[in-house]
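**Q** Below you'll find the structure I mean.
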Amino acid sequence: MTADPQRRRLLKALTITASALPFASMWPMRVVAAAAAGALEWFPQSVASGDPRPDRVLLWTRAPDSGGGAVVLRLQVAADAGFERLLVERELRAEASADHCVRVRLRGLAPGTGYHYRFLRETAQGWVASPHGRTRTAPAADSDEPVSFAVLSCQDYGGRWYNSLLPLLEATPADDLPRPDFILHLGDFIYESVGDPSFQRTSDERRIAFDDAGGAIVRGRDALAACSLDNYRQIHRTVRTDPVLQQLLATTPLVAMWDDHEFSDDCWREHATYSDGLQGEGDRRRRVNAEQAYFEYMPIDIEVGPEDAAGQQTVDTERLFPHTRMWRELRFGRDLQLLLVDYRSHRPDHLIPEDAFPGALAYDEPALRRLLPRIGQDFEPLRPQLLPYVDATHPHWPRWRKALRRALLKAYRDQGLERAAARRRVAAILDAPIAVLVLNDILRRYNAAVPGFMEVPLAASDDTLPRGLPWIALGKTGLFEDLGSRYFVVKDTYDLLAALRASEDPASALGEAQAAWLAERIAASDARWKLVASSVSMTSMVLDLTRPELQAPELLRRRFYLNVDQWDGFPVERRQLIDQVFEPAGGVVVLSGDIHAGFATQLAPRTVEFTVPAVSSQTLNAIMAGSVEADPQAESAEAGRRLVAALDTLLPLGNEAIRYAQTVRHGMGLLTVGGERLQAGFFELPATACEQCHYARPEEALAQGQWVRFEVDAGSRRLRRV
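Residues -33 to -1, 1 to 689 in mature numbering (1 follows the signal peptide of the UniProt record, and there is no 0) are what the sequence shown lists, from first letter to last.
Right, dumping it as structure tokens:
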């Protein structure tokens, strides 16, 4: 619907620019409840602002109605805390169709200026004010003032508290810290799962029980994952009741990018990965539900729906996945350019299928001989890394086929596949080559389970057999498994696989359009400090299990990528970004999260990365320790315990570019960018600190914390710990 021109002109007149005079309210009223307790009764998620530009910012609140009707609100923006000098006054509506969330663009503002804002709603007792909000616009393009901002990631709510954020609050006695001009959140603002015992806690005070439990995905006993719109909305509603998070967002504008848990763990596009390939998990409706709730609750200033004459924006689901464009650029003065990239919405599937049969071949010998020259390699030098395989032409194949069919049908049925689906998978396996290593392992198990007269001969492995790249060579040992597909994959063979795939189909983790945008914006930038916000880390995390002190079993004595759900999964594109985009532009500072650990890395001579630890989510070290304890093999479990105990030492040994690594503490980052220096610090808390609430006594949390500080010089671009 086209807005009325006269009304648009009137509202434009009410949006006062920096050169205009304040005015008195055109709606004289008595505000009867401005205290925090009364305000939160009517505005339970408080207020927030986001994506500050020099001339605009987006404001947000939620004003629910018990009867489900629309709520008329009035927005006031003032130059003073007492709202005596009003600059903006508008009427808005909190609609039930948006879960009573309100997002409104405020234009015509002065650069580098602080503003006070509040929302008002009428009650039987009179007009009630929301909590007092403060925001600040980005500095003007020619400003050389330093800019400070916090960097956050991974704030699981269940059974955990956001004590890591306490140093950022004004009431906290941390006078030596700069007040952040904005908060940069790199994703996992919420977690779509509740009660997942693999990494989540629960407590009576910090738990989410879905109202629409029937609309959720059952993950196990007492474990659910959001699926319906109501599920996702409820998680956002609950997380936004945290008082520390509320205070932070009410006083500091937010700049956010999503990662996976805003939709689904380890997702790609609209696909989840819970079943590790046991069933198809593409669900566009679920993805749209997640995005709708996200944009309803998060003050992200992008085009997700129509905007009315008052600047109020509604979320249009037709503009969401696959049309959402989350990547964007913000500029803070002369020196700081911030580019936010979306790693989840456009990326292809993980290179190693979670349901790949370990003995199947990613590439057979003819394919390798054809493709290896494209990546500058020859077949013969690689032969020792490749594994022999057999196919239906082998004289023993008829006997093997029968045994394989029986063994594999049972294995797939034991995994939960229906009979018809199991038969289809087994038929496909038997129609293709199979690695001798896997074939013989299956035959040994088969022979051990049948009478002697039914035993079949094993395959002889010799130089006459062709060699290829089977999935087991990359660490894939299970039928439906994240280990060996998304986690803990053999580095050397994975690098080979990634290079071969890139030579055939160079699909981008960012998607073609976003990758081109990123390259163009960095090349065209005149900012001294170019910052790229990536939800996942570009730091290569390699664990070398050949080290003698780990005493790993023979089959595990390899170098492994810890996690290829992050940028280690795209080593070719990462190298191209760094060498062809970041470095030629004079260097970039990458900011990342997701991995629940802190890293400082010199990615290239002029490119550095800070990977911030989790605000509250279970630490990487604790996650790995839990996985080790679940290992039924005693020998590998013992090696795993040694690995976990030495993890902070092993990661820098596996990648000499890492200057700092810690995997055992929670925390957040705080950066100051200005002129010749970029200063960065990690505030770190022990993992146990988030299990108790220190909100009433923040000094108790601060006493447990430590700061680790770094500096990057604009000239050398070298990362230095200070």
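Glycine is no exception: its CB is placed at the ideal position from the N, C-alpha and C atoms.
(1) Could you check what DSSP says for Glu296 in three-state terms: helix, strand or coil?
(2) Between Gly383, Pro424, Arg412, Tyr356, which lies nearest to Ala399 when the distance is taken from Cα to Cα?
(3) Between the region 117 to 136 and the region 657 to 673, are three or more C-beta pairs nearer than 8 Å?
(4) Could you please give the first and the last residue of the uninterrupted beta strand (DSSP E) stretch that includes Trp94?
(5) Whole angstroms is fine: what's the gap from Leu151's alpha carbon to Thr460's?
(6) For Glu420, count the other beta carbons within 10 Å of its own beta carbon; 16 or more makes it buried, fewer makes it exposed. Which is it?
(7) Verify whether the separation of the beta carbon atoms of Ala105 and Pro78 is less than 8 Å.
(8) Quick check: the region 456 to 474 against the region 317 to 333, are there 3 or more CB pairs under 8 Å?
(9) Where does Leu620 sit, in a helix, a strand or coil, going by DSSP?
(10) Report the rounded CA-to-CA distance for Arg390 versus Asp268, giving the unit in angstroms.
(11) Can you have a look at Glu296 and say buried or exposed, based on whether 16 or more other CB atoms are within 10 angstroms of its CB?
(12) With a threshold of 7 Å on Cβ separation, who are the neighbours of Arg301 within its own chain once the five nearest residues in sequence on each side are excluded?
(13) Check the DSSP bridge columns for Val308 and list the partner residues they point to.
(14) DSSP three-state label for Tyr356, please.
(15) Under a three-way DSSP split, which group does Tyr199 fall into?
(16) Starting from Asp680, trace the beta strand (DSSP E) both ways and give me its first and last residue.
(17) Can the beta-carbon of Tyr528 be found less than 8 Å from the beta-carbon of Val509?
(18) Closest to Pro653 by C-alpha separation, out of Glu678, Ala589, Tyr627, Asp179, would be which residue?
(19) Taking contact to mean 3 or more Cβ pairs, one atom from each stretch, closer than 8 Å, check whether the region 158 to 176 and the region 572 to 592 are in contact.
(20) By Cβ distance below 6 Å, which residues in the same chain neighbour Asn622 in space, the five residues on each side in sequence not counted?
(21) DSSP state of Gly565, grouped into three classes?
(22) Starting from the Cα of Val206, find the closest Cα among Tyr261, Glu643, Arg685 and give me that residue.
(23) Hey, is the region 26 to 35 in contact with the region 4 to 14, meaning 3+ C-beta pairs nearer than 8 Å?
(24) Indicate the three-state DSSP secondary structure (helix, strand or coil) for Gln279 in the structure shown.
(25) Contact between the region 540 to 555 and the region 482 to 496 is defined here as three or more beta-carbon pairs at a separation below 8 Å; is this criterion met?
(26) Does the region 206 to 218 come into contact with the region 403 to 413, if we say contact requires no fewer than three beta-carbon pairs (one atom in each stretch) closer than 8 Å?
(27) Rounded to whole angstroms, what is the Cα-Cα separation between Leu318 and Asp381?
(28) Assign Leu102 to one of two classes, buried (16 or more other C-beta atoms within 10 Å of its C-beta) or exposed (fewer than that).
(29) Kindly indicate which residue of Leu53, Glu51, Gly35 has the alpha-carbon position closest to the one of Arg60.
(30) Look at the Cβ atom of Lys443, then the Cβ atom of Ser452, and state whether they are nearer than 8 Å.
(31) Nearest to Gly181 by alpha carbon, out of Arg174, Gly187, Arg173, Leu191?
(32) Alpha carbon to alpha carbon, how far is Leu450 from Asp66? Give it in angstroms, no decimals.
(33) If you run the structure through DSSP and keep just helix, strand and coil, what is Arg72?
(34) Checking 8 Å against the spacing of the C-beta atoms, do Gln122 and Phe156 come in under that value?
(35) Less than 8 Å between the C-beta atoms of Ala519 and Ala597, yes or no?
**A** Checking against the coordinates, here is how it stands:
(1) Walking along the sequence shown from the start, residue 296 turns up at place 329. It is a strand residue.
(2) Residue 399 sits at position 432 when you count from the first residue of the sequence shown. Taking only the C-alpha atoms, the option nearest Ala399 is Tyr356.
(3) yes
(4) For the purposes of this step, residue 94 is identified with residue 127 of the sequence shown, where counting begins at 1. Unbroken beta strand (DSSP E) run through Trp94: 93 to 96.
(5) Sequence index remark: in the sequence shown, residue 151 carries index 184 (1-based). Sequence index remark: in the sequence shown, residue 460 carries index 493 (1-based). C-alpha separation (whole angstroms): 36 Å.
(6) Along the sequence shown, read from residue 1 onward, the residue named residue 420 stands at position 453. Looking at the sequence itself, residue 420 is Phe, so the reference to Glu does not match. Exposed, because fewer than 16 other Cβ atoms sit within 10 Å of the Cβ of Phe420.
(7) Taking the sequence shown and counting its residues from 1, one reaches residue 105 at position 138. Taking the sequence shown and counting its residues from 1, one reaches residue 78 at position 111. Yes, these two residues count as a Cβ contact at 8 Å.
(8) yes
(9) As a working note, residue 620 is residue 653 in the sequence shown. If DSSP states are grouped into helix, strand and coil, Leu620 belongs with the helices.
(10) Stepping through the sequence shown from its first residue, residue 390 is reached at position 423. Stepping through the sequence shown from its first residue, residue 268 is reached at position 301. Answer to the nearest angstrom: the Cα atoms are 50 Å apart.
(11) Numbered from 1 along the sequence shown, position 329 holds the residue referred to as residue 296. Its Cβ having fewer than 16 others within 10 Å, Glu296 is exposed.
(12) Locating residue 301 in the sequence shown gives position 334, counting from the first residue. If we look at Arg301 and ignore the five residues flanking it on each side, its Cβ neighbours are Ala108, Asp109, Ser110, Asp111.
(13) Taking the sequence shown and counting its residues from 1, the one referred to as residue 308 is at position 341. Answer by DSSP bridge pairing, in chain order: Ser501.
(14) In the sequence shown, the residue the question calls residue 356 occupies position 389. Correct three-state label for Tyr356: strand.
(15) As a working mapping, residue 199 is identified with position 232 in the sequence shown. Reduced to three states, the DSSP call for Tyr199 is helix.
(16) Numbered from 1 along the sequence shown, position 713 holds the residue referred to as residue 680. Note, Asp680: beta strand (DSSP E), 673 to 680.
(17) Counting from one through the sequence shown, the residue named residue 528 turns up at place 561. Counting from one through the sequence shown, the residue named residue 509 turns up at place 542. Against a cut-off of 8 Å, the Cβ pair of Val509 and Tyr528 comes out as a contact.
(18) In the sequence shown, counting from the first residue as 1, residue 653 sits at position 686. Nearest C-alpha to Pro653: Ala589.
(19) yes
(20) Sequence index remark: in the sequence shown, residue 622 carries index 655 (1-based). Correct list, in chain order: Ser507, Val509.
(21) Your numbering for residue 565 matches position 598 in the sequence shown. DSSP places Gly565 in strand when its eight states are reduced to three.
(22) The residue you call residue 206 lines up with position 239 of the sequence shown. It is Tyr261 whose Cα lies nearest to the Cα of Val206.
(23) yes
(24) Here residue 279 refers to the residue found at position 312 when the sequence shown is read from its first residue. Gln279: strand per DSSP, three-state reduction.
(25) yes
(26) no
(27) By one-based count along the sequence shown, residue 318 stands at place 351. By one-based count along the sequence shown, residue 381 stands at place 414. Using only the alpha carbons, I get a separation of about 26 Å.
(28) Working through the sequence shown from its first residue, we reach residue 102 at position 135. Per the sequence presented here, residue 102 reads as Thr, with Leu not at that position. Buried, because 16 or more other Cβ atoms sit within 10 Å of the Cβ of Thr102.
(29) Taking the first residue of the sequence shown as 1, we reach residue 60 at position 93. When only C-alpha atoms are compared, the closest one is Gly35.
(30) For this step, residue 443 is matched to residue 476 along the sequence shown. For this step, residue 452 is matched to residue 485 along the sequence shown. Contact: yes.
(31) Sequence index remark: in the sequence shown, residue 181 carries index 214 (1-based). It is Leu191.
(32) Position 99 of the sequence shown, counted from the start, is the residue given in the question as residue 66. Position 483 of the sequence shown, counted from the start, is the residue given in the question as residue 450. In a straight line, the C-alpha of Asp66 is about 39 Å away from that of Leu450.
(33) To locate residue 72, count along the sequence shown from 1; it is residue 105. Correct three-state label for Arg72: strand.
(34) Position 155 of the sequence shown, counted from the first residue, corresponds to residue 122. Position 189 of the sequence shown, counted from the first residue, corresponds to residue 156. It is a contact, given that the beta carbons lie within the stated cut-off.
(35) As a first step, residue 519 must be located in the sequence shown, where it is residue number 552. As a first step, residue 597 must be located in the sequence shown, where it is residue number 630. Contact flag unset, no.
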